[in-house]
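Structure first, commentary second.
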Amino acid sequence: MSCEQRLIQIITSNILENRVKKLFKKLGIKSFTSFGVNGEGDTGLQSGHFDADSNVLFMLLLSEEKMLELVEELNKDIQKGYHHFVFSLNAQMHTPYKCKSEV
Amino acid sequence: MGLDAILIPAILFFALGVFAKVIKSDLKFPEGLSKGLSLYLLIAIGLKGGAELANAELGLAIKSIMWAIVLGFLTPIIGYMILRFRDKIDRMNAAAITAHYGSVSAGTFLTAIAFLDVSGIEYETYPIIMMVVMETPAIIIGLLLAALARKQLQQQEAGETVATPWKSLLHEALTNGSVVLLIGAMVIGAISSPEAMEKVYPFSHEIFMGVLCLFLLDLGMEAARRMKAFKEVGVTLVAFGIIMPLIGGTIGMVVAASFLGFGVGGTLLVAILGASASYIAVPPAMRMGVPEANPSYYLTLALGVTFPFNVLVGIPLFYNLSIWYIG
């Protein structure tokens, strides 16, 4: 059994990690994976040396509807100036129980 | 005192770190080591300072704290006025950048202590408390300046803007890991018996310089990485990163020598507190509280411009100026 979902990835500063988690909570999103990442982009070098220059990457598998809700919330933040880098891909979910309890 | 002033191992290791990155060496520290080193350095300086503060004069300690608060509030306001002169830098970036200059860099302060230790110059320990106190006022000023700028922008253009999360930001600033560790170590150093403190002497004193060398080697590499962003930051801001420490340091020197009556060593330390820019406590607060500002600007300035300037030029310069000023 498999189902279609959207894989959404959010790269943001470590400092904003809790802010993003609060959005997940607000939207009833209970499952996500996160890990520390480094890189370079609009906000300069993110070398991972200090908290302020360390990034976190969130990976979530969501239904199209839920993804749009999340993107809308994230965009409100982005308009305020918070640097979140957000993108999504189509994904095939192969874990059966995840298809049943799709958020 | 000429070039020999900076020929101490700690500063030379900093230069080595910069050099390693310039020649594209693959020299790298294991992940997390630099955080471990900075934890050690804060504990060591806290223990040292606490043990000596136990015998300090209460009146002068309170006076030092009051002046630290004044410096913490005054320096960012001066910095903001400079950055906003002729609208050179927008309000949000000016507020975020200047907050870094009102706060302090423990790394620069420790290098100044190493400089004094190696040179055999005595110094007062009150600047250690001043360093703790100066972490926060600049964050408040930076957030206030940004909130005012936001209000003005809101009047000009309708739209959703950021509500400053004062409570959580102030909580973070006051309970910041380095503040908690430094105050905690100072209290431990102050209340522990001299006999018990002797047991930790090798930890707090003997290995201090060696660990500082490692720490500065790492910061040298990090500073060199940041220097690559000079082009993006622009000449105005790079110039600010050099001019502001000269202004802040001079104010610090006058406060220490004229109002607190410190000797050359203590005066140099307060001058360095005034001259340095935070790269640990303030960036997270600005990232959260002033999201409109570009983090690349303030991190490049604090780490890539002001930190190397203070280590290589500021410390010997303010040492000589302190001797001249005190007479």
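Sequence order for the protein chains is A and B.
For the record, in the first sequence the residue sitting at position 99 is 99 according to this note's numbering, with numbers rising by one throughout.
For the record, in the second sequence the residue sitting at position 92 is 92 according to this note's numbering, with numbers rising by one throughout.
The beta-carbon is built from N, C-alpha and C at its ideal position, and this holds for glycine as well.
Only a predicted model underlies this, so the values are computations on that prediction, with no experimental measurement involved.
Query, Result
"Contact between the stretch 70 to 90 of chain B and the stretch 16 to 32 of chain B (3+ Cβ pairs under 8 Å)", "no"
"Segments of 4+ residues assigned as alpha helix (DSSP H) that fall wholly inside the stretch 6 to 71 of chain A", "17 to 26"
"Residues bridged to His-84 of chain A [DSSP beta-bridge criterion]", "A:Thr-12"
"Below-8 Å beta-carbon distance, Leu-62 of chain A vs any chain B residue", "no"
"Interface flag, Tyr-329 of chain B vs chain A, CB-CB below 8 Å", "The structure shown does not extend to residue 329 of chain B, since chain B is modelled only from 1 through 327, so no value can be given for it."
"Distance, Thr-125 of chain B Cα to Ile-65 of chain B Cα", "12 Å"
"Distance, Val-56 of chain A Cα to Asn-294 of chain B Cα", "18 Å"
"Any non-hydrogen atom of the ligand MG closer than 7 Å to Thr-306 of chain B Cβ", "Among the ligands in the structure shown, none appear at all, so the ligand MG cannot be discussed."
"Backbone secondary structure at Met-93 of chain A - three-state DSSP", "strand"
"CB contact below 8 Å: Phe-109 of chain B versus chain A", "no"
"Residues that Leu-34 of chain B contacts on chain A, provided the C-beta gap is smaller than 9 Å", "It is worth fixing the name first, because residue 34 of chain B is Ser in this sequence and not Leu. In chain order: His-49, Phe-50."
"Neighbour list for Ser-104 of chain A in chain B, Cβ cutoff strictly below 7 Å", "Residue 104 of chain A falls outside the range modelled here, since chain A spans only 1 to 103, and no answer is possible."
"Contact list for the stretch 281 to 314 of chain B against chain A, Cβ threshold 7 Å", "Pro-283, Pro-284, Arg-287, Met-288, Pro-291, Glu-292, Asn-294, Pro-295, Ser-296, Leu-299, Thr-300"
"Helix, strand or coil at Glu-4 of chain A [DSSP, three-state]", "strand"
"Phe-262 of chain B, DSSP secondary structure in three states", "coil"
"For Lys-199 of chain B, the nearest candidate out of B:Ile-11, B:Ala-51, B:Ala-20, B:Lys-63 (CA to CA)", "B:Ala-51"
"Minimum Cβ-Cβ distance from Tyr-279 of chain B to chain A less than 8 Å", "yes"
"CA nearest to the CA of Gly-79 of chain B, picked from B:Ser-276, B:Gly-327, B:Ile-8, B:Tyr-201", "B:Ser-276"
"Own chain residues within Cβ distance below 7 Å of Glu-40 of chain A, not counting five before or after", "Gln-46"
"Boundaries (first-last residue) of the alpha helix (DSSP H) holding Pro-283 of chain B", "282 to 289"
"Length at least 4, wholly inside the stretch 186 to 231 of chain B: the alpha helix (DSSP H) runs in chain order", "194 to 199, 208 to 227"
"Selected residue, minimal CA-CA separation from Gly-220 of chain B, among B:Thr-108, B:Arg-91, B:Ala-95", "B:Thr-108"
"Per-residue contacts from Ala-229 of chain B into chain A (C-beta, under 9 Å)", "Gly-44, Leu-45"
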